[in-house]
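Numbering (the numbering used here), first residue to last: 556 to 1029. Below is one structure, written out as structure tokens; the observations come after it.
Put into structure tokens, the structure is as follows:
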């Protein structure tokens, strides 16, 4: 734990193991926090808030720039820790750590934009509108993108003048602790950013309930997000919820098939499919369906799966046994009811050198029944269902047939098709001829059960402020 600038142990020195999902070996231990550590962290953040909020926004931005520079300087070590605790290939871990720095730099550059407005009202007077920080904010993230999601939460909050209590996932706390350490080394004052490790049902719930926390930003599954909203309502906290997704990818008849296949493989099997905006459902125009599926099968079967620290690995393990068990249950349901044909994969990978680790084969399913959970639920793993469709109306109907609405993509050179998908598919982000890319400039969030509020962009920055109006009568 990192509270008020000091590393502390949990109550009664209780510790949680951190397991490498590729080897099933314990690589470290972190304190198992309780509500007492949460309270200590909130008090540290409250004590640090007045001086941090009083700084000129540009001063805060400069400190974030320094932090980003340190992260870039030490990205190799940070990426190795990230791969060991999370499992993703080292190249992807390097990209994620650099992404952390990129987000900090973006919000640091925005720091000078936190200005007020003057409103001349003629003979009735004048008005001024200012944007003030909220106070102590809380953030809770999952295990799939621990560095990038940490940046999404802390960067706009800190630039806006808030202090923060941050809870990483219990499976992946190591990178977050090291990043917090580097930010303090860069000059972020003690108590401004506090990290409390522990289990969600204890530390996360205590953070959401705490009366000293003014805003909660949560990323995770929809059910937990609803619980967060329910708990936060008791103290009227502001809430941002970035929840699950079941992103559709629509490939139209005029698409560049090679690029679309590459986009589907990257979009689905990046991070072993454990990404909220991953391609989770693929709808291909029937005129190109056979060729597309043949190329897709070949590319998927060529993916190298293994320990993310090994050279050339393109896909690592799932996060743990529970996640793999969930995938296996979905596949058992599929096969027992005859709701799809497993074209490739559909099994654990246990042959040498993968006799240990939570590996599951990259899987493609065709002939998917419209009522299959693969087409409506969020499948958080390397399973890609493919359905051929006769027309755009059918593709859009299937795309919207889910409780989620996070992201979607359409692959076409026809602007009319692209505009139709953008206007009718219920999703917070729609890509054309790409998927997954999320630069910090673009607001990100979902519709329906995919959440409320937005991460990234100026919208996220302003969500960490409250407006105050001054009216001067003459």
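Even glycine gets a Cβ: it sits at the ideal position worked out from N, Cα and C.
- Annotated three-state conformation of residue 935 is coil, per DSSP.
- Contact between residue 836 and residue 930 is confirmed by a C-beta separation of about 6 Å, below the 8 Å threshold.
- Taken in chain order, the complete alpha helix (DSSP H) segments of 4 or more residues contained in the region 676-748 are 701-714, 729-740.
- Counting other Cβ atoms within 10 Å of its Cβ, residue 943 reaches 16 or more and is therefore classed as buried.
- A straight line joining the alpha-carbon of residue 997 with that of residue 1020 spans about 19 Å.
- The beta carbon of residue 693 sits closer than 6 Å to those of 720, 762, 768, 771, all from its chain and outside the five residues before and after it, given in chain order.
- Taken in chain order, the unbroken stretches of beta strand (DSSP E) that lie wholly in the region 862-929 and span 3 residues or more are 896-899, 918-921.
- Nearest neighbour of residue 616 by Cα position, chosen from 668, 714, 670, 605, turns out to be 714.
- Following the DSSP letters along the chain, one finds residue 580 inside the beta strand (DSSP E) bounded by residues 580-586.
- Shown here, residue 1019 sits in coil according to DSSP, grouped into three states, outside any helix or strand.
- Here residue 987 carries a strand assignment [DSSP, helix/strand/coil].
- Exposure of residue 971 is indicated by the presence of fewer than 16 other C-beta atoms within 10 angstroms of its C-beta.
- With respect to residue 744, residue 732 sits apart: the two C-beta atoms are not nearer than 9 Å.
- If you look at residue 834, you'll find it in the beta strand (DSSP E) that goes 834-840.
- When DSSP states are grouped into helix, strand and coil, residue 814 belongs to the helix group.
- Beta-bridge analysis with DSSP links residue 570 to 586.
- With a threshold of 16 other beta carbon atoms within 10 Å, residue 739 meets it and is buried.
- By DSSP's assignment, residue 1010 forms a beta bridge with 999.
- Residue nearest to residue 758 within the set 940, 594, 579, 1026 is 594 (criterion: CA-CA distance).
- For residue 796, the enclosing beta strand (DSSP E) has its first and last residue at 793-797.
- A direct Cα-Cα distance of roughly 25 Å separates residue 674 from residue 1012.
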